[in-house]
Amino acid sequence: MNKLILSKLFTMKISRRDVLKASGATAGMALAPTFSQAQNIPSKNTFRLSLNLSTIMGQNLGFIKELEVASQAGFRSVEIWMPTLEKYLASGGTIVEAKKRIADLGLTIENAIGFAQWIVDDTTTRSKGIEQLKREMGLLAELGCKRTAAPPMGATTEAGLNLKAAAERYRTILELGEQMNVIPQLEMWGHSKNLHRVADVLFVAAESGHAKARLLLDVFHIYKGGSSHESLHLVGENSIEIFHINDYVTSIKPDQIKDADRIYAGDGEAPIDKIVHALKPSAQPVVLSLELFNKQLYTQDPLLVAKTGLEKMKAVVKRVNAQYKV
């Protein structure tokens, strides 16, 4: 910052935005980098928009075609599903070929969705789950994906999971992930009898005592599990790297709403602007990933679905930035 700017600071009232503009830092704060190649530059209060490939999974395109549709729609970030990747590999595809195609499409694989039972009480089942997770992490590391979801798979239908034990188990897979450079993101499921509230995953992540602990939250699951969006202010900066964005109508109550009822972000009654604003991206952008399982959308052209989803997410971010003067 030059002497002229410093002089202005001491001689007149000047807004933070004016200071940034004067020092040439405005570009890092603008909305535009979120939707351009500059989106990869970490800066305060930015979002990277991603497509969770569940959103076009019902069209049965297959792994590579899903990636192609996402890229054609304008996404530069995606979340993949382990079952889809493994089906591709089982049919003769290779990680080397997939990695090249991903690079050619200009995509970053932000996260993977898997279902290893790492959290359950049964020792044998948990050991198999950790081995599954280790194998999946190996594939993801080769592919260049640095994150994987860690949902409470296997601990959903019966209450009573000891959360301190869950924290120890989360630390175990965090240590594994740190070794393999693929960090498990602790996912909250609103339908789980255990990790269904923001408070539950906050406790498990904090109690794990590991610096790499991260939360994977979701607009739908916050509503489904009965948490208030106001609780998000307790989630610290950089605790969330991936956030699943979608919407819902409140005429379907939390105990009745299902994954298939998710709709495009901004089309429902979720306090979506307040939720996105509360995410507080800081050291790096938060990845907002559109995750839908809507059967009506599965009957539509997947490219249209992906393009529509991206435009609606852009509208949410633009509105949040304007509303809260980000």
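Numbering that gives the first Met the number 0 puts the sequence shown at residues 0 to 325.
The C-beta atom is built at its ideal place from N, Cα and C for all residues, glycine as well.
(request) Out of 293, 311, 129, point me to the one whose CA is closest to residue 120's CA. (result) In the sequence shown, the residue the question calls residue 120 occupies position 121. Nearest in C-alpha terms to residue 120, of all of 293, 311, 129, is 129.
(message) Given the structure, does residue 323 come close to the ligand MN, in the sense that its CB is under 7 Å from one of the ligand's heavy atoms?
(response) Only the bare structure without any ligand can be found here, which leaves the ligand MN out of the picture.
(request) Tell me whether residue 319 is buried or exposed, calling it buried when 16 or more other Cβ atoms sit within 10 Å of its Cβ. (result) Counting from one through the sequence shown, the residue named residue 319 turns up at place 320. Under this definition residue 319 is a buried residue.
(message) Give me, in chain order, the residues of the same chain whose beta-carbon lies closer than 7 Å to that of residue 67; leave out the 5 immediate sequence neighbours on both sides.
(response) Indexing the sequence shown from 1 puts residue 67 at position 68. Around residue 67: 104.
(message) Contact defined as beta carbons within less than 8 Å: I believe residue 62 pairs with residue 87. What is the distance between those atoms, to the nearest angstrom?
(response) Your numbering for residue 62 matches position 63 in the sequence shown. Your numbering for residue 87 matches position 88 in the sequence shown. The beta-carbon distance between residue 62 and residue 87, rounded to whole angstroms, is 4 Å. This is short enough to meet the 8 Å contact definition.
(message) Taking 8 Å as the cut-off, does the stretch 250 to 258 touch the stretch 71 to 88 (at least 3 CB pairs, one atom from each stretch)?
(response) Counting C-beta pairs with one atom in each stretch, the stretch 71 to 88 and the stretch 250 to 258 have fewer than three that are closer than 8 Å, which means they do not touch.
(message) Within a Cβ cutoff of 6 Å, which residues of the same chain sit near residue 31, ignoring the five residues on either side of it in sequence?
(response) For the purposes of this step, residue 31 is taken as residue 32 along the sequence shown, with counting starting at 1. Its pLDDT being 38, under 50, residue 31 is placed unreliably in this model, and the value from its coordinates should be taken loosely. Cβ within range, chain order: n/a, list empty.
(request) At 4 residues or longer, and completely inside the stretch 109 to 163: list those alpha helix (DSSP H) runs for me, N to C. (result) Listed in chain order, the complete alpha helix (DSSP H) runs (minimum 4 residues) inside the stretch 109 to 163 are 122 to 142.
(request) Return helix, strand or coil for residue 249, following the three-state DSSP convention. (result) Residue 249 sits at position 250 when you count from the first residue of the sequence shown. Note: residue 249 maps to coil in three-state DSSP.
(request) Note down, in chain order, each residue of its chain lying with its Cβ closer than 7 Å to the Cβ of residue 5, except the 5 sequence neighbours on either side. (result) Within the sequence shown, residue 5 is the residue found at index 6, counting from 1. Unreliable placement is indicated for residue 5, whose pLDDT of 37 sits below 50; the coordinate value is still reported in the next sentence. For residue 5, there are no CB contacts under 7 Å within the same chain when 5 residues up- and downstream are skipped.
(message) Can you tell me whether residue 237 is buried or exposed? The criterion is at least 16 other CB atoms within 10 Å of its CB, across all chains shown.
(response) By 1-based counting over the sequence shown, the position of residue 237 is 238. Exposed.
(request) Compute the distance between the beta-carbons of residue 142 and residue 108, then report whether it is under 8 Å. (result) Walking along the sequence shown from the start, residue 142 turns up at place 143. Walking along the sequence shown from the start, residue 108 turns up at place 109. At a Cβ-Cβ threshold of 8 Å, residue 142 and residue 108 count as neighbours.
(message) Taking 8 Å as the limit between beta carbons, can you name the residues of its chain near residue 74, skipping five residues before and five after?
(response) Counted from its first residue, the sequence shown places residue 74 at position 75. These residues qualify, in order along the chain: 48, 49, 50, 106, 305, 309.
(message) What would DSSP say about residue 51, mapped onto helix, strand or coil?
(response) For the purposes of this step, residue 51 is identified with residue 52 of the sequence shown, where counting begins at 1. Here residue 51 sits in strand by DSSP.
(request) Using the Cα positions of residue 167 and residue 302, report the straight-line distance between them to the nearest angstrom. (result) Residue mapping note: residue 167 aligns to position 168 of the sequence shown, counting from 1. Residue mapping note: residue 302 aligns to position 303 of the sequence shown, counting from 1. Distance between the alpha carbons of residue 167 and residue 302: 42 Å.
(message) Rounding to the nearest angstrom, what Cα-Cα distance links residue 311 and residue 123 in this structure?
(response) By 1-based counting over the sequence shown, the position of residue 311 is 312. By 1-based counting over the sequence shown, the position of residue 123 is 124. Their Cα atoms are separated by approximately 44 Å.
(request) Whole angstroms is fine: what's the gap from residue 172's alpha carbon to residue 136's? (result) One-based indexing of the sequence shown puts residue 172 at position 173. One-based indexing of the sequence shown puts residue 136 at position 137. So the alpha carbons of these two residues sit roughly 10 Å apart.
(request) Decide if residue 178 is buried, meaning its Cβ has at least 16 other Cβ atoms within 10 Å, or exposed. (result) For the purposes of this step, residue 178 is taken as residue 179 along the sequence shown, with counting starting at 1. Using a 10 angstroms sphere on the CB of residue 178, the tally of other CB atoms stays under 16, which defines it as exposed.
(request) Have a look at 117, 189, 250 and flag the residue whose alpha-carbon is nearest the alpha-carbon of residue 225. (result) In the sequence shown, residue 225 corresponds to position 226, counting from 1. If we check each option's Cα against that of residue 225, 189 comes out closest.
(message) residue 207 and residue 263 - do their beta-carbons sit closer together than 8 Å?
(response) As a first step, residue 263 is located in the sequence shown; it is residue number 264 there, counting from the start. As a first step, residue 207 is located in the sequence shown; it is residue number 208 there, counting from the start. Between residue 263 and residue 207, the C-beta gap is not smaller than 8 Å, which leaves the two residues out of contact.
(message) Within 10 Å of its beta-carbon, does residue 195 have 16 or more other beta-carbons around it, so buried, or fewer, so exposed?
(response) Position 196 of the sequence shown, counted from the first residue, corresponds to residue 195. So residue 195 counts as buried.
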